[in-house]
Each structure stands twice: as C-alpha cells, then as structure tokens.
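Notes for the one structure printed next.
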Amino acid sequence: LEVVSEAKRLAGGFGGTVCTVVVGPGTEGLAAELASYGADTVHVFDDDAYGAYATEAWARAVAAVIEETKPSVVLFPMTAMGKDLAPRVAARVDAGLASDCVELEAVEGRLSARRPMYAGKAYATVEWASDPQMASLRPNVFPLGTPDTARTAEVVKGTADTASRAKVTATETAAQGKIELTEAQIIVSGGRGLKAAEHFSLVSDLAEAMGAAVGASRAVVDAGWVEHQMQVGQTGKTVSPSLYVACGISGAIQHLAGMSSSKYIVAINKDPDAPIFKVANYGILGDVFDVLPKLTEAAKTHVAAKG
C-alpha cells in the first residue's frame, strides 16, 4: 500500500495513471483496497498455481503486464519477496533497476531516485536512460496515503505460464505472536553492552511493554544470545521503524546500515563517545542496567493510564 500511495503521488508529476499487479489465490478481493489508495487498474493473476511463491512464474506474470501496458515506471516493495522478484522481472523486460530507494521524485517527466550505498555511508541519486524505470522501495519510509473508499478500479484478469523449475515444498514460520522486524513501527534492540545472554530479557521486557519488536546487534547474535532472524544491520535485516531504541549498542557502521533510516532513534549507552549518539535523535547517557527497568516501568504505567 505504501508503494501504491507513492505511485499515486508520482502519477501527478508524470500525468499518468496507476496500474497495479497482484498475484496469488484470492487476490481479486484486494482490488477495492488498492483502488482506495490510488490504483486505477488492477491486474489480477488469481490462480491456485500461484499459491506458493516461485520466482519464475511470478516474474512471468508481472513481465506480461509490463509488456502489455508499456509503463514508464515500475515500482516494487523492497520486501523479502520483492528483493527476489524485482531483478528477475528487470532482466526479463531489459530494464534498469534501482534497489532499496528511500526517495523518489518526478523531474521533467523522468524519475529520479535516492538510495543508500556502501552500507549507508553515502547516498546516490539515480536516473534512468530508458523505460521502464524500475525501482524497489524500502518499507516504512514512504508515507501511506489516505484511502478514498469512493474510488474504484478496473479489474483485469491476467493469464501467464505458471510453470517453474523450482517449487516450494515446505514453509517454516517463526513463532506466532512475535512482531516482524521489517514491519514493526517500534523496535527495541540490544547490544553487547548487556554483557550476558541472561540480561537480554531487559530488552525483551521493554519491547513487550511498548508493544515493540525485538532486535539485536551482530555481536549479540554471534555470541549466540538470540536468533539470527533478530539481527539488524548490513548482514541482518534493514529496518525503518518510527522509533528505534538502541540499548547498549555502540553503533558500528555495520549496525547503522540496517537502522539509520528510522524516523526517530533513541540511544542508551554509558560511553559518551559511542558512535550511536551521532545518529540518535535522543540520547540517554547511562548504564542499561539502570535505565531499562525504569523505562519499562514507565511504559507499563503509560499503557495502564491509557486503559
């Protein structure tokens, strides 16, 4: 929906319309919601054969719509699936792709994109020499539009070859009840400043009190304190929450690469020279063992007061 909202905004600068593609069983039911966020046309590949994600089959479906409609711009979400699908589609339609974009603008009828490079040490401005101009958008960075339930969209049923040389035979899901890092609006992360695995519960307790997801630095994951799926950073997950609370994390460039696009960053560290303070909006200079229990209690009191 963030990508559709951004497409609607850009369409004003291009003087065009917004066409969306949805793939999978039951996706036709999404047409009304997509229309409310800006879609003018919804191409639906509503087939049981798309029940499990397979790169080849899905790329074939999306490419078929691109070849039929000849769009000037094609946008993907930079999700786990989008990371895999976008480059395959780009290769199929012979298009240039800018991945992990954090800003898009329509400039004189052409697209201009801003994306981080070198683990966030620099930002590149990217333009395209030909159409379609393809980009994938970092989640939680682009604002969600205001839905208009009065809007309607034309629904076009698409067909494509669903054959694939690889298929999904099983899917393992994480434990239920946990908030997915890449989708979380609030993340509380812990680092080596917690000193031992048994102290990581201080981070988990604060996250629970705030209704947040739990993250970790690479040092914590390498030490075996938590699972790798909780790692934030260059070799972990890239997140863009509204609020990121870094607890006992020094702020190595590897970690900053995964969370520097957060809207607000709060750093808790007893080292006044910790690099994390350079990117933080708010800093608490103190020992995590003293600060976290007080923050947790304050969060619980706030929630209780709100009823």
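Letter by letter, the sequence shown follows residues 1121 to 1427 in the working numbering.
From the three backbone atoms N, C-alpha and C, an ideal C-beta is built for every residue, glycine too.
In this text, all values refer to a predicted model and were calculated from it rather than measured experimentally.
>> Quick check: what's the CA-CA separation for valine 1193 versus glutamate 1122?
In response: Take the alpha-carbon of valine 1193 and the one of glutamate 1122: they are about 16 Å apart.
>> For a test of your reading of the model: does the CB of alanine 1239 fall under 7 Å from any non-hydrogen atom of the ligand ATP? Yes or no.
In response: Of the ligands one can find in the structure shown there are none, so the ligand ATP has no counterpart to examine.
> Which residue comes first and which comes last in the beta strand (DSSP E) that contains phenylalanine 1320?
Replying inline: First-last for phenylalanine 1320: undefined, no H or E at that position.
>> Quick check: the Cα distance between threonine 1175 and threonine 1199, rounded to an integer number of angstroms?
In response: 14 Å
> beta strand (DSSP E) containing histidine 1163: first to last residue?
Replying inline: 1161-1165
>> For proline 1236, list the residues DSSP reports as bridge partners.
In response: Tyr1243
>> Which residue wins for smallest C-alpha separation from lysine 1190, given the options Val1138, Ala1290, Gly1146?
In response: Val1138
> Between which two residues does the alpha helix (DSSP H) harbouring proline 1207 extend?
Replying inline: 1200-1213
>> For alanine 1333 and alanine 1327, which I take to be in contact (beta-carbon distance under 8 Å), what is that distance rounded to the nearest angstrom?
In response: Rounded, the Cβ-Cβ distance is 7 Å, consistent with contact.
>> Rounded to whole angstroms, what is the Cα-Cα separation between alanine 1424 and valine 1323?
In response: 20 Å
> The alpha helix (DSSP H) with leucine 1130 in it runs from where to where?
Replying inline: Taken as a continuous stretch (DSSP letters only), the alpha helix (DSSP H) holding leucine 1130 covers 1122-1134.
> Going by beta carbon distance, what residues of the same chain come within less than 8 Å of valine 1276, once the five residues before and after it are set aside?
Replying inline: Thr1161, Val1162, His1163, Val1164
> Going along the chain, which residues of its own chain have a beta-carbon closer than 7 Å to the beta-carbon of alanine 1131, five neighbours each way excluded?
Replying inline: Thr1137, Val1138
> Under the rule that 16 or more other beta-carbon atoms within 10 Å means buried, what is leucine 1405, buried or exposed?
Replying inline: exposed
>> Using only the alpha-carbon positions, how far apart do glycine 1356 and lysine 1414 sit?
In response: Those two C-alpha atoms are separated by around 29 Å.
> Within 10 angstroms of its Cβ, does methionine 1379 collect 16 or more other Cβ (buried), or is it exposed?
Replying inline: buried
> CB-CB under 6 Å to phenylalanine 1196, same chain, minus the five flanking residues each way: which ones, in chain order?
Replying inline: Gly1202, Ala1206, Ser1256.
> What number of angstroms, rounded off, separates the C-alpha of alanine 1155 from the C-alpha of arginine 1234?
Replying inline: So the alpha carbons of these two residues sit roughly 27 Å apart.
> If you draw a straight line from the alpha carbon of alanine 1183 to that of aspartate 1407, how long is it in whole angstroms?
Replying inline: Each residue's alpha carbon lies about 53 Å from the other.
> Under a Cβ-count criterion, where at least 16 other Cβ atoms within 10 Å of its own Cβ denotes burial, should glutamate 1114 be classed as buried or exposed?
Replying inline: Nothing about residue 1114 can be read from this structure; the chain reaches only from 1121 to 1427.
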